[in-house]
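Protein chains in written order, with UniProt numbering: chain W, 1 to 434; chain A, 1 to 434. The structure appears right after this line, and notes come after that.
In structure tokens form, the structure reads like this:
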């Protein structure tokens with residue numbers, strides 16, 4: 001057997017667990033490392049799951065007909081034709097992405113930066129991913145020209161790239177690649193004969209309705225697999241729901257057979273009660289639509305307010321257009337950080353912030369960027385409250401950043417950043433202990 | 001990337017889906033292909049899941065502390081020490097087994113015959129398994145002497161076996177390897193430095209309390225991983241619950257780190273509401289214990305009655321001691337089957353039974369045996385009724401085989417087998433159409 005090249009713990013989940021341990025130990029921590037959505041389950045959705053608790057059969061490997069049909073209709077409402085027979089459901093979009101990498105085979109090109117798990121999943125399969133830089137302000141989609149160069153070079157070196165992953169909208173940058181860029185990416189993928197795996201888990205969390213993310217499935221319908229789920233829209237990460245839409249083409253049908261085979265051998269089927277509730281959610285009844293709209297407004301308000309704090313101390317930020325993430329770059333503060341805190345890498349910066357201040361964030365290196373980068377990914381989705389009452393109030397608020405508990409988190413970040421950039425000597429006792 | 005050597009659909013799940021299609025098309029079918037347990041969810045367990053529907057966070061990758069503690073206590077009550085910190089929960093024991101193969105790395109030795117998914121999972125990872133015959137009447141545990149030979153030969157040929165899988169009690173044979181055999185297997189594993197992966201999902205479905213399956217964790221505590229789940233005990237396959245107990249040793253701790261890493265990258269965490277319900281079940285309150293006891297009695301009664309039908313027409317059967325499976329061998333009928341039905345393989349026999357009679361069963365080849373074998377695996381766990389009322393009555397019955405709906409299935413099998421072995425010409429119209 002080929003030795004798995006490496007097994008690493010998911011950076012987001014590891015950071016979450018480390019923060020939970022600090023909190024248990026009595027420390028004050030601010031969790032901005034993982035993108036878990038800190039909101040309660042929509043009561044009607046919770047009731048659907050409760051009512052489905054008696055469902056105990058596996059059902060079809062690809063998911064129930066009800067869930068596949070609801071997911072297909074969901075995509076149709078967004079302008080993408082979809083055949084329920086080519087929809088595959090899984091226990092999260094993460095396992096679907098793993099199974100897709102396995103089913104497609106070969107090497108994979110990834111945008112740089114990109115979500116922590118793409119490269120790690122490839123690593124489990126013994127694949128060294130081919131990182132391709134994105135265009136400025138357009139995270140999630142590899143620069144099409146660089147993709148051509150990288151894939152051509154990889155093939156010349158004997159490697160076998162067969163797919164490219166894109167994230168639309170993007171995690172970690174909170175940006176959205178322009179439709180023209182997506183179109184050029186698709187042209188490149190077609191020329192290079194790559195399957196496009198389009199992770200669109202944030203597609204309903206675009207702040208401006210008039211400027212949605214455009215899926216590569218529009219431009220390369222024959223080769224684009226789209227994945228999404230309810231984790232981000234409806235804050236049910238812990239339920240594990242994901243769906244994949246395979247292309248209605250020879251490529252798509254062959255891949256469907258392999259994907260369902262992989263699913264049958266790894267997870268059998270998604271949890272039946274969860275499927276039942278998810279099928280309801282994907283039909284998008286008005287209360288679901290309104291809940292997602294409210295959560296999108298909340299993400300936008302808090303993420304923008306947070307971005308302003310980072311910008312105020314001199315970090316560079318690309319305007320965010322979606323998700324609950326920002327990706328500030330401390331490069332303009334490099335000299336100060338080294339002089340005052342002996343910080344020369346994003347990992348050291350993130351470590352300092354958690355150890356000295358209990359601020360949990362992830363360095364750009366977790367997203368495939370060079371260690372020297374001073375970018376951090378900041379997730380604001382855990383700042384909406386500590387109780388269901390607070391979180392429900394945050395969802396309903398017209399001005400959520402004025403709520404005392406959200407304001408307190410923003411003030412704390414402001415205070416920490418002010419301390420970080422203050423021109424004074426390092427505080428060894430804080431850096432060592434805290 | 002190493003090309004996955006093959007992607008096959010799970011034989012049991014594929015057979016289930018094919019039977020469901022036949023039923024939808026109006027055919028009368030008898031589902032004895034997959035071991036899905038056709039019983040309703042224990043009402044108290046269903047209520048636990050319903051009450052947990054609001055849980056939406058990922059929680060720890062390895063599973064909640066409550067579930068890990070409950071699982072550890074479950075093992076302690078069975079004489080195996082267990083540390084909750086070395087328990088890893090997953091969405092089914094199947095994904096845990098896949099993740100274990102990935103985490104251990106190298107090649108894997110498997111008993112022959114063995115459950116359909118071990119070899120298929122290895123195939124997904126590019127591993128050709130090393131099949132090792134079991135001792136007569138002791139399925140699930142490779143013959144220790146043959147294991148030594150096979151592993152030594154594989155190493156001499158440049159392969160890298162690092163683990164051996166055992167199934168206690170066994171699927172597909174319904175037998176249990178003797179403690180002395182398990183001990184010798186453990187000695188061989190220690191000499192060969194193999195991790196023992198012990199799939200004990202049927203350990204509570206042993207018919208005779210006085211003769212339980214003995215885990216290899218007793219004899220090789222430093223290197224045995226035990227997996228189990230609630231799928232078979234409590235008929236919640238569709239919920240996807242599994243737990244793994246890793247050894248409290250250097251081997252175990254290193255493997256734990258890798259296993260949790262793999263889990264974090266493939267599935268993040270098991271579904272949170274399901275974990276909550278599973279944690280309650282693993283504490284084994286009296287109603288759970290009684291429910292499992294009743295289902296075990298039911299499995300025994302129906303499986304033994306079914307075995308008698310197969311034995312009556314001359315198939316060979318090893319006495320079954322656990323599970324809901326029998327594994328009759330039609331070898332004594334080979335000449336007849338070839339002359340009357342042109343059947344020369346288990347696959348042809350299974351195909352004839354489903355096409356001519358709507359009887360769904362699996363051939364031995366699905367369990368890694370040679371195609372020529374005329375063994376079939378017969379699962380009786382779907383014969384308990386078509387409604388929750390019938391199934392609940394079956395659980396409560398002192399003589400379940402006297403219930404009309406169970407009796408009808410047994411009678412139907414008797415009739416089919418009588419027709420199969422009747423000395424007459426093949427019925428081409430039935431074989432072609434049906």
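Cβ atoms here follow ideal geometry from the backbone N, Cα and C, with glycine treated the same way.
Q) From what residue to what residue does the beta strand (DSSP E) around residue 133 of chain A run? A) 130-135
**Q.** Contact set between the region 80-112 of chain A and chain W, restricted to residues whose Cβ is under 7 Å from the partner
**A.** 91, 92, 94, 95, 98, 102, 103, 105, 106, 107
Q.
Beta-carbon within less than 6 Å of residue 327 of chain W's beta-carbon, same chain only, minus the 5 sequence neighbours each way: which residues are those?
A. 172, 173, 375, 377
Q: Label residue 97 of chain A either buried or exposed according to how many other C-beta atoms from any shown protein chain fall within 10 Å of its C-beta, with 16 as the threshold for buried.
A: buried
Q. Are residue 439 of chain A and residue 161 of chain A close, meaning C-beta to C-beta below 8 Å?
A. This structure cannot settle anything about residue 439 of chain A, because the visible part of chain A is limited to 1 through 434.
(Q) Given this structure, state the Cα-to-Cα distance separating residue 163 of chain W from residue 283 of chain A, to the nearest angstrom. (A) 46 Å
Q. So which residues on chain W does residue 261 of chain A lean against when the C-beta distance must stay under 7 Å?
A. 7, 8, 9
(Q) Assuming residue 409 of chain A is part of the alpha helix (DSSP H), what are its boundary residues? (A) 404-421
Q: Could you tell me if residue 429 of chain A is buried or exposed, where buried requires 16 or more neighbouring beta carbons within 10 angstroms of its beta carbon?
A: The predicted position of residue 429 of chain A is uncertain, since its pLDDT is 48 and thus under 50; a value taken from the coordinates is nonetheless stated next. The residue is exposed, with fewer than 16 neighbouring Cβ atoms inside 10 Å.
Q. Just how far apart, CA to CA, sit residue 400 of chain A and residue 193 of chain A?
A. 47 Å
Q) Who are the near neighbours of residue 369 of chain A in its chain, counting only those whose CB is closer than 6 Å to its CB and skipping five residues on each side? A) 113
Q. Whose C-beta lies closer than 6 Å to the C-beta of residue 405 of chain A among residues of the same chain, with five residues either side of it excluded?
A. 385, 390
Q.
I'd like to confirm the pairing. Which residues does DSSP put opposite residue 79 of chain A in its beta bridges?
A. DSSP lists no partner for residue 79 of chain A.
Q.
Give me the DSSP bridge partner(s) of residue 163 of chain W.
A. W:108, W:195
Q) Would you call residue 250 of chain A buried or exposed, if buried means 16 or more other Cβ atoms sit within 10 Å of its Cβ? A) exposed
Q | DSSP-derived helix/strand/coil call for residue 319 of chain W | A | coil
Q) Can a CB atom of chain W be found closer than 8 Å to the CB of residue 58 of chain A? A) yes
Q | Status (buried if at least 16 other CB within 10 Å, exposed otherwise) for residue 41 of chain A | A | buried
**Q.** Under 7 Å (Cβ pairs) to chain A, residues found in the region 273-284 of chain W
**A.** 273, 274
Q | Nearest-angstrom beta carbon gap, residue 392 of chain W and residue 303 of chain W [assumed within contact, 8 Å] | A | Between residue 392 of chain W and residue 303 of chain W the Cβ distance is about 19 Å, and since that is not below 8 Å, they are no contact.
Q: Locate the alpha helix (DSSP H) running through residue 121 of chain W, then write down its first and last residues.
A: 116-124
Q: Please compile the residues from chain W whose C-beta is within a distance smaller than 8 Å of the C-beta of residue 267 of chain A.
A: 91, 92, 94, 95, 240, 267
Q | Three-state class that DSSP yields for residue 25 of chain W in the structure shown | A | coil
Q | Interface flag, residue 13 of chain W vs chain C, CB-CB below 8 Å | A | Considering every chain present, this structure includes no chain C. Its protein chains are W and A.
Q: Establish whether the CB of residue 337 of chain A and some CB of chain W are separated by less than 8 Å.
A: no
Q. Per the contact definition of three or more C-beta pairs closer than 8 Å, is the region 44-63 of chain W in contact with the region 80-98 of chain A?
A. no
Q. Is it a yes or a no for the region 270-279 of chain W touching the region 236-243 of chain A, going by three-plus beta-carbon pairs under 8 Å?
A. yes
Q | Bridge partners - residue 325 of chain A, DSSP secondary structure assignment | A | A:379
Q) Quick one: Cα of residue 413 of chain W to Cα of residue 182 of chain W, how far? A) 35 Å
Q. Beta strand (DSSP E) containing residue 206 of chain A: first to last residue?
A. First-last for residue 206 of chain A: undefined, no H or E at that position.
Q) Which first and last residues belong to the beta strand (DSSP E) in which residue 87 of chain W is found? A) 87-90
Q: Please name the residues in the region 15-36 of chain A whose beta-carbon is closer than 9 Å to at least one beta-carbon of chain W, in chain order.
A: 16, 17, 20, 34, 36
Q. Is residue 60 of chain W closer than 8 Å to residue 17 of chain A when the C-beta atoms are compared?
A. yes
(Q) Going by DSSP, what residue range makes up the alpha helix (DSSP H) through residue 244 of chain W? (A) Taken as a continuous stretch (DSSP letters only), residue 244 of chain W belongs to no alpha helix (DSSP H), being part of the beta strand (DSSP E) at 242-245.
(Q) I'd like to confirm something about residue 43 of chain W: is its beta-carbon nearer than 7 Å to some heavy atom of the ligand SAH, or not? (A) Here there are no bound small molecules, and the ligand SAH is not part of this structure.
Q: Report the neighbours of residue 258 of chain A on chain W: residues whose CB is nearer than 7 Å to its CB, in chain order.
A: 7
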